[in-house]
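Residue numbers (mature numbering (1 follows the signal peptide of the UniProt record, and there is no 0)): -24 to -1, 1 to 84.
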């Protein structure tokens, strides 16, 4: 049986990969679960966020607040490391209304 010219290189490549030992072939890395679960609450100009880390790796969280008024300064909290099974509280405020709030996550 004769293979077509376009199919022959593919067949050779598959045969080479299949003949490699198991440890020699590249494997896709499985990402481990990461990141705290955060809840935010806005009351007037005050912002409170609670972040709980259910995973084994630490998570560095920061609270970001965007204020509605152009003259009101947006704020970012200092980063806080949240260890396994730990809960942290992040707070911040605007002088007037709050436009948006989010929490960023980073591996320490």
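Cβ atoms here follow ideal geometry from the backbone N, Cα and C, with glycine treated the same way.
Assuming residue i contacts residue j (C-beta within less than 8 Å), just tell me the rounded distance between them.
| i | j | result |
| --- | --- | --- |
| residue 63 | residue 26 | 6 Å |
| residue 43 | residue 14 | Residue 43 to residue 14, Cβ: 20 Å. No contact. |
Tell me residue i's beta-bridge partners as DSSP assigns them.
| i | result |
| --- | --- |
| residue 59 | DSSP output for residue 59 lists no bridge partner at all. |
| residue 66 | 25 |
Mark residue i as exposed unless 16 or more other C-beta atoms lie within 10 angstroms of its C-beta, in which case mark it buried.
| i | result |
| --- | --- |
| residue 58 | buried |
| residue 80 | exposed |
| residue 12 | buried |
| residue 39 | buried |
| residue 52 | exposed |
| residue 35 | buried |
Quick one: what does DSSP say residue i is sitting in, helix, strand or coil?
| i | result |
| --- | --- |
| residue 79 | strand |
Using a Cβ-Cβ cut-off of 6 Å (strictly less than) and excluding sequence neighbours within five positions of residue i, which residues of its own chain qualify?
| i | result |
| --- | --- |
| residue 24 | 17 and 67 |
| residue 65 | 26 |
Tell me which residues share the same chain as residue i and place their Cβ nearer than 8 Å to its Cβ, disregarding the 5 neighbours each side in the sequence.
| i | result |
| --- | --- |
| residue 75 | 42, 43 and 44 |
Going by beta carbon distance, what residues of the same chain come within less than 7 Å of residue i, once the five residues before and after it are set aside?
| i | result |
| --- | --- |
| residue 50 | 41, 42 and 43 |
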